Amino acid sequence: MTLNDYIKEKVNRAGDNPLIESPFGFSKKGAFLNKWQISLNLASLYARSGGVFFSSSNPVEIYVPATEKGTVPLTEDEQPYGWTGKINPDLAEQAVWWAFEILTDSESSRFLKEEHPRVIFHFFEMGRRHELAVRFGEGDWEVIDE
């Protein structure tokens with residue numbers, strides 16, 4: 035399943051409950067958090083709500099492991115990254131840019147096609163912490179773990 039299809043399904047499901055805001059969506063709004071900021075933000079989340087509800091201020095933790103070909107992120111010691119916006123293909127690609135210090139669209143396109151990077155998201159939904167892994171496959175981000 036593509037990440038786009040997965041997001042559509044999750045957003046539709048969350049739409050049935052007006053009290054729940056899905057961590058998934060197609061908005062590009064959000065802010066990068068370094069690993070110290072994300073730790074403080076997560077502590078605040080637990081103190082505030084016990085991790086029950088997701089809002090735009092609750093962080094998504096992002097890990098980018100070595101690629102299948104063995105290319106190791108240049109900023110591995112700075113992970114996890116944090117994001118205060120929605121999980122989507124744009125965020126997955128942005129995480130690859132952060133991890134491998136990619137500077138141009140052409141470099142990104144080549145890297146995605148040749149290396150097939152993975153991105154792992156940790157997020158809160160329905161009172162529990164979840165993990166979602168995606169991989170850049172044949173021209174699109176694919177869900178590899180639910």
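So in this note's numbering the end of the sequence shown lands on 180, straight run, no missing numbers. In this text, a Cβ means the ideal position worked out from N, Cα and C, and glycines have one as well. Predicted, not measured: the structure shown is a model, and the values here were computed from it.
With contacts defined as CB atoms closer than 8 Å, residue 151 and residue 101 qualify as a contacting pair. DSSP, read as helix, strand or coil, puts residue 129 in helix. With a contact defined as Cβ atoms closer than 8 Å, residue 75 and residue 93 qualify at about 5 Å. One Cα belongs to residue 65, the other to residue 103, and the distance between them is close to 30 Å. For residue 158, the enclosing beta strand (DSSP E) covers residues 152-159. In the three-state DSSP reduction, residue 170 falls in the strand class (E or B). With respect to the C-alpha of residue 125, the residue from 55, 60, 46, 54 having the closest C-alpha is 60. Annotated three-state conformation of residue 67 is strand, per DSSP. Closest in C-alpha terms to residue 136, from the list 107, 69, 154, comes 107. Contact between residue 129 and residue 177 does not hold, since their C-beta atoms are separated by about 15 Å, which reaches or exceeds 8 Å. Straight through space, the alpha carbons of residue 81 and residue 170 are spaced by roughly 36 Å.
Inclusion of residue 67 and residue 118 in the CB contact set at 8 Å is warranted, their separation being smaller than that value.
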